[in-house]
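Working notes for the structure below.
Number of protein chains: 2
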Amino acid sequence: MSNDTFLRALRREPVEYTPVWMMRQAGRYLPEYRETRAQAGGIQDLFANPELACEVTLQPLRRFDLDAAILFSDILTIPDALGLGLYFETGEGPRFRNPVQNEAAITRLKVLQTEKDLPYVLDAVRLIRRELNGRVPLIGFSGSPWTLATYMVEGGSSKDFARIKTLAYEQPQVLQHLLGVLTESVADYLCAQIRSGAQAVQLFDTWGGALSAAAYRKFSLQPMQSIVEHVKAAHPDIPVIVFTKNGGLWLDGILETACDCIGLDWTMDIGVARQQVGERVALQGNMDPAILRASPAVIRQEVADILAAYGHGNGHIFNLGHGITPDIPPEHAGAFIDAVHELSPAYHQ
Amino acid sequence: MSNDTFLRALRREPVEYTPVWMMRQAGRYLPEYRETRAQAGGIQDLFANPELACEVTLQPLRRFDLDAAILFSDILTIPDALGLGLYFETGEGPRFRNPVQNEAAITRLKVLQTEKDLPYVLDAVRLIRRELNGRVPLIGFSGSPWTLATYMVEGGSSKDFARIKTLAYEQPQVLQHLLGVLTESVADYLCAQIRSGAQAVQLFDTWGGALSAAAYRKFSLQPMQSIVEHVKAAHPDIPVIVFTKNGGLWLDGILETACDCIGLDWTMDIGVARQQVGERVALQGNMDPAILRASPAVIRQEVADILAAYGHGNGHIFNLGHGITPDIPPEHAGAFIDAVHELSPAYHQ
Chain D
5 MSNDTFLRAL RREPVEYTPV WMMRQAGRYL PEYRETRAQA GGIQDLFANP ELACEVTLQP
65 LRRFDLDAAI LFSDILTIPD ALGLGLYFET GEGPRFRNPV QNEAAITRLK VLQTEKDLPY
125 VLDAVRLIRR ELNGRVPLIG FSGSPWTLAT YMVEGGSSKD FARIKTLAYE QPQVLQHLLG
185 VLTESVADYL CAQIRSGAQA VQLFDTWGGA LSAAAYRKFS LQPMQSIVEH VKAAHPDIPV
245 IVFTKNGGLW LDGILETACD CIGLDWTMDI GVARQQVGER VALQGNMDPA ILRASPAVIR
305 QEVADILAAY GHGNGHIFNL GHGITPDIPP EHAGAFIDAV HELSPAYHQ
Chain A
5 MSNDTFLRAL RREPVEYTPV WMMRQAGRYL PEYRETRAQA GGIQDLFANP ELACEVTLQP
65 LRRFDLDAAI LFSDILTIPD ALGLGLYFET GEGPRFRNPV QNEAAITRLK VLQTEKDLPY
125 VLDAVRLIRR ELNGRVPLIG FSGSPWTLAT YMVEGGSSKD FARIKTLAYE QPQVLQHLLG
185 VLTESVADYL CAQIRSGAQA VQLFDTWGGA LSAAAYRKFS LQPMQSIVEH VKAAHPDIPV
245 IVFTKNGGLW LDGILETACD CIGLDWTMDI GVARQQVGER VALQGNMDPA ILRASPAVIR
305 QEVADILAAY GHGNGHIFNL GHGITPDIPP EHAGAFIDAV HELSPAYHQ
C-alpha cells in the first residue's frame, strides 16, 4: 500500500503525520456527488449500484489528500434487507414502509446473510479496493444495533425516541431480541465486508448518546462488544473503530469492547480523552463540523488547537466529530485536510 | 415555610426524604393546563398575564406532592422584551420576527431593565408567592445567555446551530457583545425575581451541550459564571442551580461558577457525578423523562435505581433529566413523585 498511515495510527504505531478522513466525505457537499446522484435518480440508486457506489466513494479522494476511503453506503441497508422497505422522502430523511413496532413483527425477523441479502455492498467493496489500487486503506462500516433499532422501531428519524424507549422500558426482552438479531447481522455484515476487502471497520452508534448511562450499557454498548468480539475472533488484524455520538461520558465502557480506536464527537476534549484511555486505544476525531463554515484561517487554528490538545505521539486519527454537512464549501474541507497534514508532522518527531 | 426540604437539600443540609420537582411541571401534559391555555388564547396570553401564570404554576401542586413550585414563564421573555418580537407557530415552536443576525442588529441591543421591561413576570412571582402561602419554595429561572443567543441568532429552534456557530467562529467579538448584553440582562432578571419573592433560581442552559469543550467554556460557562457571581453578590443566601443539558463532561467547569447545585440530564450516572463533585455542590436530577411513558412499576424501579446510585446522605434533589413531555399521563407523573417520597427516606436515616 502506498499510504498506510491510517492503519498504523489505528495500531498506535509511529507515523510521519496525523492521518485524516471525514465522516460522510463522499456526500452532498461535493458538486460531483450531487451530479452523479441526480443522474442516477436518488440515493438508493447510488448505494445499490456497485459502480456508482465506487464512483462516489472515490470522488473526495480525487479532490483531497485523504488518508482513507470509506465505503459509500447507507446506514440502513441491513433493515432494508431484513424486509422493512427503506425509502427516502425529500427533506424528511429515511423512512420504512414496514417498521417493527410490536413483538410479533420483531419475532419474525431473521438474521442477515450478507452474501445472499446484500451482494451489491460486497461487490462495491471489491470494486473500490480494485480501483483504489493500494492508494489508501478502505474502511467498511455499519450502524450499531441500537442505532439501527431506533430507525426500525420509530419508522425513521426521531427526536425523542418515544417508541423505542417505551419498548426498552416496558418490554426489554422484546428489544433484546431485536438487538440480538441485529448484533448477529452486523457481525456478519462487517465480516463479509472484510472478506471482500475492507481493511478497517467502524461501528456508527449515532443514537447511543440518547440513552441513560445504564441503558447505554445494556442496549448499545453490550451489542457492540459482542460484535467486536465476533469480528476480532475471525479477523484479529483488522482494526475496529467504535463511534458513539455524545458518548464522551462512557469512554471506559467503550474501551471494554476491546476496539482498537474510539471515535469522539466534538464535545469531548481530546486531550482529556487521551489522558483517560489513550494508553490503551487510538482516538479518532474530533473537530466540530460546524467550524467548516468558517474561513480557512479559523479552520486552521482549530486544527492546531486539537493537535495541541492531543499532543505528541501516536494513536491519533484526525476526523470531524460527526459527518460533514451539505452546505460546506469543498475548498473549506480541503483547507481542513491540508491543515492537518501541514501542522501535524511537528507532533510526530 | 411548611416544607423547606428543597431549600435544605440545595444547601446539602439533612432532610427527611429526597425532595422532588419536575422541569416543565406546569405544562401541556396536564388537562387543566390545556384548558386554561385554550381559554386564554395561546401560551403568550398565559405567561404575560400574572393571574393566569400563577394559576398554571399552582396546577401541578394541586395534583402532586411536589417540593417546589417553579414560575410559569417562557424561556424567551428576555429576547422578546429586547425587541425581537416573539411569536409561536403551531407545531413549530418559538420564532422571532426580528432575529439578530448581524453586527448592526446586535450592537443596537440594550440591556434589559426587568422592572420596566418585564413587570408582568415580577407581578406573577409576587402573586405566586402570596398564593403559595409558604407551602413550598418558589423557583425563579432564566435561560442561559448562550441558550437565549441561539434562538436570537437562529430566529427560533435549530438543529445544527449553523448561524450562531458561524458567528462564534467568524466574529467571536460580535457574539461576545451579544452574550455580554444577555449576561447583564439575565443577572438583572434573576435578581429582580429574587427581590419579588423567588427563593431559588435556575439557569437553563439547554443548548450549551451543542458546543465543543473549549467553546462551551468561552460562550456558555463564562457568562453563567458572571451571572452566578452577580446574583450571589446581591443575594448570598439564595441558592443557584445551573443546568446544562448534555453537560455531564463539564461538571468540574460548572462547579467553578460557584453555583449551589448542578442539574444533570439522564446521560450522566448520578453516582459518578456525586463522586466527582458531590462534596462541593448539590446535584439535581436525573431520570430520563421518556421513562414516564412506562408503567408505574417500571417508573418506581428507575427511581429506586437513581436513589441507590446517589446513595445515602444529603445534597440530592430528584428531578427529570429534562422537561416532562406533553404525552405523559398525569398519573405516571404522580407515580414518579410518590416513588421518590416513599423510597427515599431510607437514604436519609
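Heads up: the sequence lines are chains D and A, in that order. Per my numbering, the first sequence starts with residue 5, numbered consecutively. Per my numbering, the second sequence starts with residue 5, numbered consecutively. Backbone N, C-alpha and C define an ideal beta-carbon position, used for all residues, glycine too.
Judged by beta-carbon spacing, residue 245 (chain A) lies within the 9 Å limit of residue 205 (chain A), meaning their Cβ atoms are closer than that value. Restricted to the region 9-91 of chain A, the alpha helix (DSSP H) segments that are unbroken, complete and at least 4 residues in length are 9-14, 35-44, 47-51, 54-67, listed in chain order.
The beta-carbon distance between residue 324 (chain A) and residue 272 (chain A), rounded to whole angstroms, is 13 Å. This is too long to meet the 8 Å contact definition. Taking the CA atoms as reference points, residue 189 (chain A) sits about 21 Å from residue 91 (chain A). Against chain D, the beta carbon of residue 249 (chain A) has no neighbour under 8 Å; the closest one sits roughly 11 Å away.
Against chain D, the beta carbon of residue 295 (chain A) has neighbours under 7 Å at 173, listed in chain order. Here residue 121 (chain D) is buried. Its C-beta has 16 or more other C-beta atoms within 10 Å.
If you check each beta-carbon in the region 70-88 of chain A against every beta-carbon of chain D, none falls closer than 8 Å.
For residue 195 (chain A), the three-state secondary structure derived from DSSP is helix.
Taking a 10 Å sphere around the C-beta of residue 301 (chain A), we find fewer than 16 other C-beta atoms and assign the residue as exposed.
Under the Cβ criterion of 9 Å, residue 309 (chain D) is counted among the residues facing chain A. Segment contact: the region 101-116 of chain A against the region 131-138 of chain A, fewer than three CB-CB distances shorter than 8 Å; contact not assigned. Per the coordinates, the alpha-carbon of residue 70 (chain D) lies some 15 Å from the alpha-carbon of residue 14 (chain D). When DSSP states are grouped into helix, strand and coil, residue 244 (chain A) belongs to the strand group.
According to DSSP, residue 209 (chain D) shares a beta bridge with D:248. Taken in chain order, the complete alpha helix (DSSP H) segments of 4 residues or longer contained in the region 111-186 of chain A are 118-121, 123-136, 149-158, 166-174. Here DSSP, grouped into helix, strand and coil, assigns residue 320 (chain A) to strand.
Partner residues in the beta bridge of residue 97 (chain D), as assigned by DSSP, are D:93. Residue contact check for residue 25 (chain D) against chain A: no CB pair falls below 9 Å.
Counting C-beta pairs closer than 8 Å gives fewer than three between the region 342-350 of chain A and the region 41-53 of chain A, which falls short of the contact rule. For residue 275 (chain D), the enclosing alpha helix (DSSP H) has its first and last residue at 274-281. The shortest C-alpha to C-alpha distance from residue 172 (chain A) to any of A:222, A:295, A:142, A:141 is the one to A:222. Going by C-alpha positions, residue 220 (chain A) is about 9 Å away from residue 150 (chain A). Residue 335 (chain D) is classed as exposed because its beta carbon has fewer than 16 other beta carbons within 10 Å across all chains shown.
The C-alpha of residue 51 (chain D) lies about 7 Å from the C-alpha of residue 78 (chain D).
Interface with chain D (9 Å Cβ-Cβ cutoff): residue 331 (chain A) is included. For a Cβ distance threshold of 8 Å, residue set 294, 297, 298 of chain A lies close to residue 170 (chain D), ordered along the chain. Using a CB distance below 8 Å, the part of the region 231-260 of chain D facing chain A consists of 250, 252, 253, ordered along the chain. As DSSP reads the structure, residue 288 (chain A) sits in a beta bridge with A:267, A:321.
Non-local C-beta neighbours of residue 319 (chain A) in its own chain, meaning closer than 7 Å and more than five positions away in sequence, comprise 13, 16, 282, 286, 287, ordered along the chain. Look at residue 204 (chain A) here: in three-state DSSP terms it is strand.
Out of A:46, A:270, A:331, the CA that lies nearest to the CA of residue 314 (chain A) is found in A:270.
Shown here for residue 167 (chain D): same chain residues with a beta carbon closer than 7 Å to its own, the five before and five after excluded, namely 105, 157, 158 in chain order. When C-beta distances to chain A are compared with 7 Å, the residues of the region 139-171 of chain D below that value are 164, 165, 166, 169, 170, in chain order.
Taking a Cβ-Cβ threshold of 7 Å, the residues of chain A close to residue 270 (chain D) are 216, in chain order. In the displayed model, residue 239 (chain A) falls within coil according to three-state DSSP, outside both helix and strand.
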